[in-house]
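J.: In order, the protein sequences belong to chains A and B. Residue 46 in this note's numbering sits at position 66 of the first sequence; the count goes up by one each step and never skips. All you need for this note's numbering is the position in the second sequence, starting with 1, plus 6. Note that CB positions come from ideal geometry on N, CA and C, so glycine has one too. Predicted model only: the values in this text are computed from it and were never measured.
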Amino acid sequence: AQTVTQSQPEMSVQEAETVTLSCTYDTSESDYYLFWYKQPPSRQMILVIRQEAYKQQNATENRFSVNFQKAAKSFSLKISDSQLGDAAMYFCARSGSARQLTFGSGTQLTVLP
Amino acid sequence: ETGVTQSPTHLIKTRGQQVTLRCSSQSGHNTVSWYQQALGQGPQFIFQYYREEENGRGNFPPRFSGLQFPNYSSELNVNALELDDSALYLCASSFGDRGPGANVLTFGAGSRLTVL
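Okay, here's the thing in structure tokens:
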């Protein structure tokens, strides 16, 4: 099975500090996409950031950036200047030729005031 | 632009019953995917519909079935409900079945199903 692994069930960060969430994945495909989604208590899955595997440059969206290590099949999310509104469950996901997303088990992020 | 809307938001059924969940896709999107999210877990892919045809299926039994309508809205039907079917069911829409747009999913807020 081609899996996505998030080894940190819970993380906490002080407001205004930086936190990194880890993700590793397995795939036999050369063309795929990687995603980080945020799921707050409202339940709606919100796309945080997306990375195309063929692009070497790491994606960045404002305070969110990724460290994509293709050979190591690693895709971590860095949140800078953490805000209270960043508190949520974060899911790493991968899609490939099948266009279906395979999700990790999630990391619950708590932001401390 | 309207997002993805799902109904009902919550429902309770008993084992053996049947349930239908509904999803309206985002304006401009023609592909709908359904995911099951058990408590404390990541979503699992059930199936995808593109142009009213099933376009991929995950590891779910045939009692999970779906439809997509000409307006691209969709239904998920589950027959002979089991206790393990209790979960949040998420619908996501996207554009096309290949290319960059196919990978940009917009999710609804889900339907929480409890099976007693």
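In the DSSP output, what is B:G72 paired with across the bridge?
T.: In DSSP, B:G72 forms a bridge with B:L82.
J.: Give me the Cβ distance between B:L94 and B:Q43, rounded to the nearest whole Å; I'm assuming they're in contact under 8 Å.
T.: Confirmed, Cβ separation roughly 4 Å.
J.: Who are the near neighbours of B:V110 in its chain, counting only those whose CB is closer than 8 Å to its CB and skipping five residues on each side?
T.: The answer, listed in chain order, is S100, F101.
J.: Distance cutoff 8 Å, beta carbons only. Does B:Q42 sit that close to anything in chain A?
T.: No, B:Q42 lies away from the interface with chain A (no Cβ there is under 8 Å from its Cβ).
J.: Using the rule of at least 16 other Cβ atoms within 10 Å of the residue's Cβ for burial, across every protein chain shown, is B:H16 buried or exposed?
T.: So B:H16 ends up on the exposed side.
J.: Are the C-beta of A:G65 and some C-beta of chain B separated by less than 8 Å?
T.: No, A:G65 does not count as interfacial toward chain B.
J.: Measure from the C-beta of B:G22 to each C-beta in chain A and report whether the shortest distance is under 8 Å.
T.: Not one chain A Cβ lies under 8 Å of B:G22.
J.: Strictly below 8 Å CB to CB, what residues from chain A border B:L87?
T.: Within 8 Å Cβ-Cβ: nothing; B:L87 doesn't reach chain A, min ~21 Å.
J.: Does the Cβ-Cβ distance between B:Q54 and B:S39 come in under 8 Å?
T.: In this structure, B:S39 lies closer than 8 Å to B:Q54 by Cβ.
J.: Spell out the partners DSSP gives A:A73 in its beta bridges.
T.: In the DSSP output, where bridge partners are listed per residue, A:A73 has A:F15, A:F83.
J.: Between the C-alpha atoms of A:L1 and A:F83, what's the straight-line distance to the nearest angstrom?
T.: So the alpha carbons of these two residues sit roughly 14 Å apart.
J.: Please state whether DSSP places B:N77 in a helix, a strand or coil.
T.: DSSP places B:N77 in coil when its eight states are reduced to three.
J.: If the criterion is Cβ atoms closer than 8 Å, does the pair B:G64 and A:R79 meet it?
T.: Contact: no.
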